[in-house]
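Numbering (this note's numbering), first residue to last: 29 to 391.
Input: a single structure, listed below in structure tokens.
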């Protein structure tokens, strides 16, 4: 819409090309007096070769390059610090208007996962999450979200020793992705398009605390792997942990998820349920039995997440014995159940620990 409006007005401020999906890039090329196919060429140079310098885009004319220099640029958020965990996890802190968003690079034997942020802070105020305690500042722009991925992909492409090629992306960092729906949709267009990042929709997961209207909207707009931050076996517990449950309760959430799974191919008819394990809060045998009853008609796999400590919290992580016993009860009833490994705890990069407030470090 922005490009179309600017085209009509015959004026354009410099635009970050990381903000454009293929359709918007085509409109931009038309505005500059070029053919639509030039968009694919630009996307190739940006997302396959990771060039920021237009002069290196050798199949573009000098006149076109001159126009690009006048009206466009390629820029990621400023990397302010990076920290490396003893387990190989890397936390990257990007600065945006004196606020920090965090991106987590998680290496494993058979895959490399990048956990990206979608907001500065988070409005949902989940009691067990460091990001939720920050408050909410704003949604991230398209270029600020895709810029996290682009920065790390560029590092791996240039064979920087810390980074290998990303195989999976999870939108599980700071913020609630579905409250930034429009920008997330554009980001996914870029990540999935064959001339851009060319990820499989099976390799990208959007995690949500349960924004029911957005889940309903997704049926028409998006087909992507979905993870639900459930964390409770009944509404009473979930209300105490996640205030969003007062607005959209568990039953409404599960109903919306079931309807989404009916049309989604990316999920292969199965959603991921995320369940943080809190001692004496939601980790008892009775809670496992409640969860079985709650999810009995929902095709899902369950990730049990040992709670990662955050400052000024009264919660305690469930003992591993409790978590194992909980998982056994679920598996006995046929649920695919995994216990998530803690990664990056020593640098506050584990699930629920992202705060963006760590003292900045140079590297």
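Glycine included, every Cβ here is placed at the ideal spot set by N, Cα and C.
Each residue's CA atom was taken as its position, placing residue 370 and residue 140 some 15 Å apart. Under the DSSP assignment, residue 323 falls in the alpha helix (DSSP H) whose first and last residues are 313–323.
Taking C-beta atoms as the reference points, residue 285 and residue 299 count as a pair closer than 8 Å.
With three or more CB-CB distances shorter than 8 Å, the region 334–341 counts as touching the region 138–157. Counting every other CB atom within 10 Å of its CB across the protein chains shown gives residue 121 a total of 16 or more, marking it as buried. In this structure, DSSP gives residue 124 an extended state, which the three-state scheme calls strand.
Every unbroken stretch of the alpha helix (DSSP H) spanning 4 or more residues and falling wholly within the region 63–124 is given here in chain order: 66–75, 90–99. Ranked by Cα distance from residue 265, the first of 255, 374, 366, 277 is 277.
In the three-state DSSP reduction, residue 266 falls in the helix class (H, G or I). In the structure shown, residue 220 falls within a helical segment according to DSSP collapsed to helix, strand and coil. Of the candidates 186, 367, 49, the residue whose Cα lies closest to the Cα of residue 351 is 367. Within the same chain, Cβ atoms closer than 7 Å to the Cβ of residue 294 are found at 229, 230, 251, 252, 253, the five residues on either side in sequence being excluded. Taking the Cβ atoms as the reference, residue 237 lies roughly 6 Å from residue 204, within the contact range of under 8 Å. DSSP, read as helix, strand or coil, puts residue 54 in helix. When only Cα atoms are considered, residue 233 and residue 183 end up about 22 Å apart.
If you draw a straight line from the Cα of residue 162 to the Cα of residue 363, it is about 35 Å long. In the DSSP assignment, residue 143 is bridged to 132, 198. About 11 Å separates the beta carbon of residue 106 from that of residue 172, a gap too long to meet the 8 Å contact definition. In this structure, 224 is the residue among 224, 64, 150 with its C-alpha nearest to the C-alpha of residue 78. In this structure, the straight-line span from the alpha carbon of residue 344 to that of residue 308 is close to 9 Å. With respect to the 8 Å criterion, residue 330 and residue 357 are not classified as neighbours on the basis of their beta carbons. Secondary structure of residue 274 (DSSP, three-state): helix. Per DSSP, reduced to three states, the secondary structure at residue 250 is coil, with no helix or strand assignment. In this structure, residue 346 and residue 306 form a Cβ contact; the two beta carbons are roughly 6 Å apart against a cut-off of 8 Å.
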